[in-house]
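Have a look at the structure below before the remarks.
2 protein chains.
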Amino acid sequence: MKKKIKKIKAAILIIGNEILSGRTQDKNIAFISNWLNSKCGISVSEVRIIPDDEKIIVKNILTLSKKFNYVFTTGGIGPTHDDITAQSISRAFKVKYEFHEEAYAILENYYGKKKFNDGRKKMAKMPRGSKLIYNPSSAAPGFMIKNVLSLPGVPSILNSMIENCKKYLVKGLKVHSKTISLYTVESNISKQLGLIQKKYKKYVDIGSYPFFRLGKIGVAVVTRSSSMNKLKRVNKELISLVKQKKIQILKI
Amino acid sequence: MKKKIKKIKAAILIIGNEILSGRTQDKNIAFISNWLNSKCGISVSEVRIIPDDEKIIVKNILTLSKKFNYVFTTGGIGPTHDDITAQSISRAFKVKYEFHEEAYAILENYYGKKKFNDGRKKMAKMPRGSKLIYNPSSAAPGFMIKNVLSLPGVPSILNSMIENCKKYLVKGLKVHSKTISLYTVESNISKQLGLIQKKYKKYVDIGSYPFFRLGKIGVAVVTRSSSMNKLKRVNKELISLVKQKKIQILKI
Numbered sequence: 002m003k004k005k006i007k008k009i010k011a012a013i014l015i016i017g018n019e020i021l022s023g024r025t026q027d028k029n030i031a032f033i034s035n036w037l038n039s040k041c042g043i044s045v046s047e048v049r050i051i052p053d054d055e056k057i058i059v060k061n062i063l064t065l066s067k068k069f070n071y072v073f074t075t076g077g078i079g080p081t082h083d084d085i086t087a088q089s090i091s092r093a094f095k096v097k098y099e100f101h102e103e104a105y106a107i108l109e110n111y112y113g114k115k116k117f118n119d120g121r122k123k124m125a126k127m128p129r130g131s132k133l134i135y136n137p138s139s140a141a142p143g144f145m146i147k148n149v150l151s152l153p154g155v156p157s158i159l160n161s162m163i164e165n166c167k168k169y170l171v172k173g174l175k176v177h178s179k180t181i182s183l184y185t186v187e188s189n190i191s192k193q194l195g196l197i198q199k200k201y202k203k204y205v206d207i208g209s210y211p212f213f214r215l216g217k218i219g220v221a222v223v224t225r226s227s228s229m230n231k232l233k234r235v236n237k238e239l240i241s242l243v244k245q246k247k248i249q250i251l252k253i
Numbered sequence: 002m003k004k005k006i007k008k009i010k011a012a013i014l015i016i017g018n019e020i021l022s023g024r025t026q027d028k029n030i031a032f033i034s035n036w037l038n039s040k041c042g043i044s045v046s047e048v049r050i051i052p053d054d055e056k057i058i059v060k061n062i063l064t065l066s067k068k069f070n071y072v073f074t075t076g077g078i079g080p081t082h083d084d085i086t087a088q089s090i091s092r093a094f095k096v097k098y099e100f101h102e103e104a105y106a107i108l109e110n111y112y113g114k115k116k117f118n119d120g121r122k123k124m125a126k127m128p129r130g131s132k133l134i135y136n137p138s139s140a141a142p143g144f145m146i147k148n149v150l151s152l153p154g155v156p157s158i159l160n161s162m163i164e165n166c167k168k169y170l171v172k173g174l175k176v177h178s179k180t181i182s183l184y185t186v187e188s189n190i191s192k193q194l195g196l197i198q199k200k201y202k203k204y205v206d207i208g209s210y211p212f213f214r215l216g217k218i219g220v221a222v223v224t225r226s227s228s229m230n231k232l233k234r235v236n237k238e239l240i241s242l243v244k245q246k247k248i249q250i251l252k253i
């Protein structure tokens with residue numbers, strides 16, 4: 002009997018006024034989502050961006066951690082007053098916000114006893130019972146408590162830590178994806194695309210995305226499925242549709 | 002008596018599997034947020050990214066439209082089967098999903114009667130009672146129903162339409178912002194920053210964001226307030242802190 006692998010869903014909770022205000026362009030959503038799908042077979046089903054506000058963080062942590070298998074937070078785990086993710090998650094789960102012994106040792110060793118000031122010590126404070134997510138860039142670890150994994154907001158540091166989340170995650174079904182880029186307009190193929198989507202509704206998800214390249218209008222038809230066979234079958238139908246309509250293919 | 006201007010809050014609801022999956026990097030959040038603040042004095046307080054799923058869209062429209070003054074949606078108003086924003090919002094507000102007379106005329110005129118096929122006609126279907134948001138790039142209008150404004154997902158088209166939202170929005174207090182970029186580490190100033198934030202808690206929001214530039218570590222201290230005077234006062238305190246600590250200033 003084949004082992005049945007469950008569909009595993011995650012949410013991403015971006016914590017930070019700088020993203021909400023538009024000052025900083027988020028780069029973590031696409032990175033985490035791509036990594037989760039390709040390396041762990043986990044799909045991101047919802048993303049929220051919220052301000053550095055304890056009440057709002059608490060509420061969102063409780064909602065999302067009940068609704069999804071995992072919640073990834075980014076931002077708010079640094080040394081300054083506006084870094085309140087760890088204390089907010091402690092409050093959400095009603096556990097103590099306290100020094101994590103190993104995190105404290107890691108940071109003390111990294112900075113040296115003399116330079117290990119209060120701001121830096123703050124980065125060793127976490128919800129009681131947290132497991133560490135090691136940080137090869139700048140030492141300060143992320144943490145996991147229940148099904149919530151907290152990572153920093155700086156993309157280069159987050160990227161360097163993501164592999165260290167893997168051991169805490171139950172793997173799911175990877176979603177495969179194929180893209181066919183066409184020089185046509187959406188309305189030229191919308192009817193037939195809709196029919197193909199209807200036929201394969203259960204197995205394959207078809208998306209249609211217009212683009213502009215070198216002054217020409219095009220459509221990227223993206224198919225996604227956890228079954229490679231079904232994906233191939235749908236793409237065969239798409240190719241014959243394209244040939245029948247004499248549409249120029251830019252890229253398969 | 003001075004006219005009191007209210008704080009006006011908006012949410013952004015990004016509808017699209019392509020953003021959730023990480024295939025496409027979102028660019029609309031920062032653009033809309035910056036525009037709303039600088040042109041209308043409206044702050045974005047929450048962002049959500051959700052899949053092309055009617056039930057989920059309905060639920061989020063109802064939640065966010067109750068919670069905030071305005072909701073901006075992006076994506077899902079094109080001609081293909083996965084464009085279900087307009088029908089989902091109709092369902093959320095229990096109004097008919099039908100042809101909008103003016104939108105129909107605009108599109109028929111743009112494409113010409115012969116080329117005005119079913120896919121294109123679909124873009125004229127909206128919740129009954131919608132007001133149009135004109136589209137100078139590709140004709141197909143966005144729409145506003147109740148406090149929800151729906152825009153397309155393609156950034157260049159969205160950008161060309163945003164000014165046409167203005168007439169529907171009640172203006173609020175603009176949030177001013179100043180950034181001081183320093184060559185230092187966050188933990189060097191975290192204690193004093195926290196004290197200054199505490200002192201001006203009611204008026205000014207201070208954020209601290211580490212960065213790496215040309216191999217050097219720095220911190221951007223961002224202050225935000227609807228009072229320019231309070232903002233200046235806080236920045237004066239910040240500059241004297243920086244001078245006292247002999248920190249090199251990269252940019253004010």
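Those protein sequence lines, which keep their order, are chains V and F.
The C-terminal position of the first sequence is numbered 253 in this note's numbering, with every residue numbered one higher than the one before it.
The C-terminal position of the second sequence is numbered 253 in this note's numbering, with every residue numbered one higher than the one before it.
A virtual CB, placed ideally from N, CA and C, is assigned to each residue, including glycine.
Exercise for the section: Starting from F/Y98, follow its DSSP beta bridges and name the residues at the other end. Expected result: The count along the second sequence starts at 1 and reaches residue 98 of chain F at position 97. In the DSSP output, where bridge partners are listed per residue, F/Y98 has F/P128.
Handout entry: Distance between F/N35 and F/Y71 (C-alpha atoms, nearest Å)
Key = Here residue 71 of chain F corresponds to residue number 70 of the second sequence, with the count starting at 1. Here residue 35 of chain F corresponds to residue number 34 of the second sequence, with the count starting at 1. Computed Cα separation, rounded: 15 Å.
Practice task
Below 6 Å CB to CB, which residues in the same chain sit around F/M2 once its five sequence neighbours on both sides are set aside?
Solution key: Residue mapping note: residue 2 of chain F aligns to position 1 of the second sequence, counting from 1. Unreliable positioning characterises F/M2 in this predicted model, as indicated by a pLDDT of 47, which lies under 50. A coordinate reading is not provided.
Practice task
Would you grab the beta carbon distance between V/G120 and F/S188 for me? Rounded to a whole angstrom, and I think it's under 8 Å.
Solution key: Counting from one through the first sequence, the residue named residue 120 of chain V turns up at place 119. Counting from one through the second sequence, the residue named residue 188 of chain F turns up at place 187. Yes, V/G120 and F/S188 are in contact; Cβ-Cβ is about 3 Å, under 8 Å.
Exercise for the section: State the Cα-Cα distance for the pair V/Y98 and V/R92, rounded to the nearest angstrom. Expected result: Here residue 98 of chain V refers to the residue found at position 97 of the first sequence. Here residue 92 of chain V refers to the residue found at position 91 of the first sequence. So the alpha carbons of these two residues sit roughly 8 Å apart.
Exercise for the section: Reducing DSSP to helix, strand and coil, say where F/P211 ends up. Expected result: The sequence position of residue 211 of chain F within the second sequence is 210, counting from 1. Three-state DSSP puts F/P211 in a strand.
Practice task
Return the residues of the segment 80 to 107 of chain V that lie within a Cβ-Cβ distance of less than 7 Å from chain F, sorted by chain order.
Solution key: P80, T81, H82, D83
Exercise for the section: State the DSSP-derived secondary structure class of V/V59, mapped to helix, strand or coil. Expected result: Position 58 of the first sequence, counting from 1, holds the residue named residue 59 of chain V. Here V/V59 sits in helix by DSSP.
Handout entry: N-terminal and C-terminal residue of the beta strand (DSSP E) that F/V220 is part of
Key = Locating residue 220 of chain F in the second sequence gives position 219, counting from the first residue. 217 to 226 is the span of the beta strand (DSSP E), which, as asked, contains F/V220.
Exercise for the section: Give a yes or no on whether the minimum CB-CB distance between V/E164 and chain F is below 7 Å. Expected result: Here residue 164 of chain V refers to the residue found at position 163 of the first sequence. By this cut-off, V/E164 is not an interface position.
Exercise for the section: With a cut-off of 8 Å on the beta carbons, I'd call F/S182 and F/G208 a contact; round off their distance for me. Expected result: Mapped onto the second sequence, residue 182 of chain F falls at position 181. Mapped onto the second sequence, residue 208 of chain F falls at position 207. So it is not a contact: roughly 13 Å between Cβ atoms.
Exercise for the section: Indicate the three-state DSSP secondary structure (helix, strand or coil) for V/K114 in the structure shown. Expected result: Position 113 of the first sequence, counting from 1, holds the residue named residue 114 of chain V. In this structure, V/K114 counts as helix in the three-state DSSP scheme.
Problem - Limits of the beta strand (DSSP E) - the one that F/F144 falls within - result: One-based indexing of the second sequence puts residue 144 of chain F at position 143. 140 to 146 is the extent of the beta strand (DSSP E) around F/F144.
Exercise for the section: Compute the beta-carbon to beta-carbon distance between F/P142 and F/Y135, rounded to the nearest angstrom, for a pair I have assumed lies under 8 Å. Expected result: Along the second sequence, read from residue 1 onward, the residue named residue 142 of chain F stands at position 141. Along the second sequence, read from residue 1 onward, the residue named residue 135 of chain F stands at position 134. Yes, they are in contact, since the Cβ atoms of F/P142 and F/Y135 sit about 6 Å apart, within 8 Å.
Practice task
List the residues of chain F whose Cβ lies closer than 7 Å to the Cβ of V/Y201, in chain order.
Solution key: Within the first sequence, residue 201 of chain V is the residue found at index 200, counting from 1. Under the 7 Å cutoff, chain F gives no residues; its nearest Cβ is about 12 Å from V/Y201.
Handout entry: V/H177 versus F/D54: straight-line alpha-carbon distance, rounded
Key = Position 176 of the first sequence, counted from the start, is the residue given in the question as residue 177 of chain V. Position 53 of the second sequence, counted from the start, is the residue given in the question as residue 54 of chain F. Going from the Cα of V/H177 to the Cα of F/D54 covers about 20 Å.
Handout entry: Same chain, Cβ closer than 6 Å to V/P211, five either side skipped, listed in chain order
Key = Taking the first residue of the first sequence as 1, we reach residue 211 of chain V at position 210. Once the five neighbours on either side are set aside, the close Cβ partners of V/P211 are E187, V220.
Handout entry: Nearest-angstrom Cβ-Cβ length linking V/E47 and F/I197, presumed shorter than 8 Å
Key = Here residue 47 of chain V corresponds to residue number 46 of the first sequence, with the count starting at 1. Here residue 197 of chain F corresponds to residue number 196 of the second sequence, with the count starting at 1. Not quite, the Cβ-Cβ distance comes to about 36 Å (not below 8 Å), so this is no contact.
Problem - Straight-line gap, F/L194 to F/T224 (C-alpha atoms, nearest Å) - result: Within the second sequence, residue 194 of chain F is the residue found at index 193, counting from 1. Within the second sequence, residue 224 of chain F is the residue found at index 223, counting from 1. Cα to Cα, F/L194 sits roughly 11 Å from F/T224.
Problem - Nearest candidate by alpha-carbon position, reference V/K68, set V/K10, V/K247, V/M124, V/Y184 - result: Within the first sequence, residue 68 of chain V is the residue found at index 67, counting from 1. Closest by alpha carbon: V/K10.
Exercise for the section: Starting from F/T86, follow the alpha helix (DSSP H) in both directions and report where the run begins and ends. Expected result: For the purposes of this step, residue 86 of chain F is taken as residue 85 along the second sequence, with counting starting at 1. Taken as a continuous stretch (DSSP letters only), the alpha helix (DSSP H) holding F/T86 covers 86 to 93.
Practice task
Would you mind sorting F/I240 into buried or exposed? The rule is 16 or more other CB atoms within 10 Å of its CB.
Solution key: Position 239 of the second sequence, counted from the first residue, corresponds to residue 240 of chain F. Exposed, by the Cβ-count rule.
Exercise for the section: Would you decide whether F/L215 is buried or exposed? Buried here means 16 or more other CB atoms lie within 10 Å of its CB. Expected result: Residue 215 of chain F sits at position 214 when you count from the first residue of the second sequence. By the 10 Å Cβ count, F/L215 comes out exposed.
Handout entry: CB-CB length for F/K132 against F/M145, believed under 8 Å
Key = Mapped onto the second sequence, residue 132 of chain F falls at position 131. Mapped onto the second sequence, residue 145 of chain F falls at position 144. Yes, F/K132 and F/M145 are in contact; Cβ-Cβ is about 5 Å, under 8 Å.
Problem - Cα-Cα separation, F/N38 to F/S227 - result: On the second sequence, residue 38 of chain F is found 37 positions in, with the first residue counted as 1. On the second sequence, residue 227 of chain F is found 226 positions in, with the first residue counted as 1. One C-alpha to the other measures close to 11 Å.
Handout entry: Assigned secondary structure, V/S22 (DSSP; H/G/I helix, E/B strand, else coil)
Key = Along the first sequence, read from residue 1 onward, the residue named residue 22 of chain V stands at position 21. Coil, per DSSP.
Practice task
Would you kindly work out how many angstroms separate the C-alpha atoms of F/K28 and F/V149, rounded to a whole number?
Solution key: In the second sequence, counting from the first residue as 1, residue 28 of chain F sits at position 27. In the second sequence, counting from the first residue as 1, residue 149 of chain F sits at position 148. Approximately 20 Å between the Cα atoms of the pair.
Exercise for the section: Note down, in chain order, each residue of its chain lying with its Cβ closer than 6 Å to the Cβ of V/I248, except the 5 sequence neighbours on either side. Expected result: Counting from one through the first sequence, the residue named residue 248 of chain V turns up at place 247. Annotation for V/I248: L183, T185 place their beta carbon closer than 6 Å to its own, counting only its chain and skipping 5 residues before and after.
Handout entry: Below-7 Å beta-carbon distance, V/N70 vs any chain F residue
Key = On the first sequence, residue 70 of chain V is found 69 positions in, with the first residue counted as 1. Judged by the 7 Å Cβ criterion, V/N70 is not in contact with chain F.
Practice task
Starting from F/F69, follow its DSSP beta bridges and name the residues at the other end.
Solution key: Indexing the second sequence from 1 puts residue 69 of chain F at position 68. Note: F/F69 sits in no beta bridge, so no partner.
Exercise for the section: Could you name the residues of chain F that V/A31 contacts, counting a contact when the two beta carbons are closer than 7 Å? Expected result: Here the question's residue 31 of chain V lines up with position 30 in the first sequence. Under the 7 Å cutoff, chain F gives G23, Q26.
Handout entry: Counterpart residues of F/Y135 in DSSP-defined beta bridges
Key = Along the second sequence, one-based indexing puts residue 135 of chain F at 134. The partner list for F/Y135 (beta bridge, DSSP) is empty, contrary to what the question assumes.
Handout entry: Positions along the segment 50 to 79 of chain F whose CB lies within less than 7 Å of some CB in chain V
Key = I50, I51, P52, G79
Practice task
Tell me, please, whether the CB atom of F/K210 is closer than 7 Å to any CB atom in chain V?
Solution key: Indexing the second sequence from 1 puts residue 210 of chain F at position 209. Looking at the sequence provided, one finds Tyr at residue 210 of chain F rather than Lys. Yes, its Cβ sits closer than 7 Å to a Cβ of chain V.
Problem - Any chain V beta carbon closer than 7 Å to F/R121 - result: Here the question's residue 121 of chain F lines up with position 120 in the second sequence. Cβ-Cβ to chain V under 7 Å: yes for F/R121.
Problem - heavy atom of the ligand GTP below 6 Å from F/E164 C-beta - result: With respect to small molecules bound, the structure shown includes none, and the ligand GTP cannot be examined in it.
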